[in-house]
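Working notes, structure below.
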Amino acid sequence: MSELTSITISQLREAAGYRDGGDDDIMIVSSDRSTAWGLLRYPCRLKAMVIGLCTAGEGRATINLKEYKVVPETVVANLPENIIRIDGVSDDFQGHILVVSQDFLREAQIDLKNMIPLYIHLKNHPASTLSVEAARRLTEFYGLIRECIEDTGSLFRTEIVRGLVRAFLYKCCDQLSNLPAAEERSVKSRGEALFLRFIELLTIHHKRERSVGFYAERMHITPKYMSSLMRRLTGRSAAEWIDEYVILEAKTLLKYSGLSIQEVAYELNFSTQSFFGKYFKQHTGMSPGQYKMQ
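Using the working numbering, the letters of the sequence shown map in sequence onto residues 1013 to 1306.
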């Protein structure tokens, strides 16, 4: 693997054995379709939001190089920009996974107002354990959504599915909104929109651009205002967000790609291997070579 793979919902559908030419913006995978997750045995970016719930057995989900044990009543939420890997699934594993594209979320008019704290929480804690009752309620949603997706004869199928997914996501927010007090803050709509735009740009450009000014210019704000806004909304400056994305990409390439350190430096647009090494050590405490040997 010379670079990170990006997996689409269409590829997942094909791997799971769907041959109905259905919707490439949404998919429900249950334990009886677990072959789909063979695509995710290597680190990749899945171009969709994923919310999975384990109901039996166990497995491992690695998100942004952090491993999480998945057991019954564990819900895992993966954001589109994350690097994900799924492995170690037991023979008796059972669960449900909803996969929805970013286009679907936009078309379903998912209101992200006041959800920035939840977004930050999911970036740091993508796996959570629910109560048995909460897990049961989400399982009912999975069944309803799957039933409606497969009801191709329904005149209002698209509208019903969108409504159910909206309700499901808000229900998940309810269950996962038990955030630390420090993360509970009101977010004005303009600040929220700028934050989401920043993450969108960062996901696209972090391999080539590390300047706060680059992102601020495309958001039509000053670098100073951008940094203060990000710190106020998330507790971290814009530069810290950029560094996190670059270092995560570097670690993943060093660990899995087979590229040399010089090639990784080139892939991430560093002028020299030496400059990349200093940057990497500044943020991790070790050299790229030391990390690669680990």
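C-beta atoms are modelled at their ideal positions from N, C-alpha and C, and glycine is treated no differently.
Residue of 1022, 1029, 1026 minimising C-alpha distance to residue 1036: Out of 1022, 1029, 1026, 1022 has the C-alpha closest to the C-alpha of residue 1036.
Buried versus exposed, by CB contacts within 10 Å (16 or more), residue 1182: Label assigned to residue 1182: exposed.
Inter-stretch contact at 8 Å, needing at least 3 Cβ pairs: the region 1262–1282 / the region 1292–1305: The region 1262–1282, when compared against the region 1292–1305, does touch it at the 8 Å Cβ threshold.
Counted within 10 angstroms of its Cβ, other Cβ atoms place residue 1136 as buried (16 or more) or exposed: Exposed.
Cα-Cα separation between residue 1200 and residue 1131, rounded to whole angstroms: Here residue 1200 scores only 49 on pLDDT, less than 50, and its place in the model should not be relied on; the value that follows carries that caveat. Spanning the alpha carbons of residue 1200 and residue 1131 requires a straight line of approximately 15 Å.
Beta-carbon proximity of residue 1210 to residue 1250, cut-off 8 Å: It is a contact, given that the beta carbons lie within the stated cut-off.
C-beta atoms of residue 1039 and residue 1057 nearer than 8 Å: Cβ distance not < 8 Å, so residue 1039 and residue 1057 don't count as in contact.
Span separating the alpha-carbon of residue 1101 from that of residue 1252: Residue 1101 and residue 1252 have their alpha carbons spaced roughly 34 Å apart.
Endpoints, the alpha helix (DSSP H) within which residue 1186 is located: Here the alpha helix (DSSP H) through residue 1186 covers 1169–1188.
Residues of its chain near residue 1053, where Cβ-Cβ distance is below 8 Å and the 5 sequence neighbours each way are ignored: The answer, listed in chain order, is 1097, 1098, 1099.
Whole-Å CB distance - residue 1307 paired with residue 1166, under 8 Å assumed: Residue 1307 falls outside the range modelled here, since the chain spans only 1013 to 1306, and no answer is possible.
The region 1058–1067 / the region 1083–1091 touching (three or more Cβ pairs under 8 Å): The region 1058–1067 makes contact with the region 1083–1091; the number of CB pairs closer than 8 Å reaches 3 or more.
One or two residues paired with residue 1017 in a DSSP bridge: Residue 1017 pairs with 1056.
Contact check, residue 1140 vs residue 1077, beta carbons under 8 Å: Between residue 1140 and residue 1077, the gap from beta carbon to beta carbon reaches 8 Å or more.
Exposure of residue 1216, with buried meaning 16 or more beta-carbon neighbours within 10 Å: That one is exposed.
Rounded C-alpha distance that separates residue 1247 from residue 1238: Straight-line Cα distance between these residues: approximately 13 Å.
Proximity below 8 Å, CB of residue 1220 to CB of residue 1281: Remark: C-beta atoms of residue 1220 and residue 1281 approach each other more closely than 8 Å.
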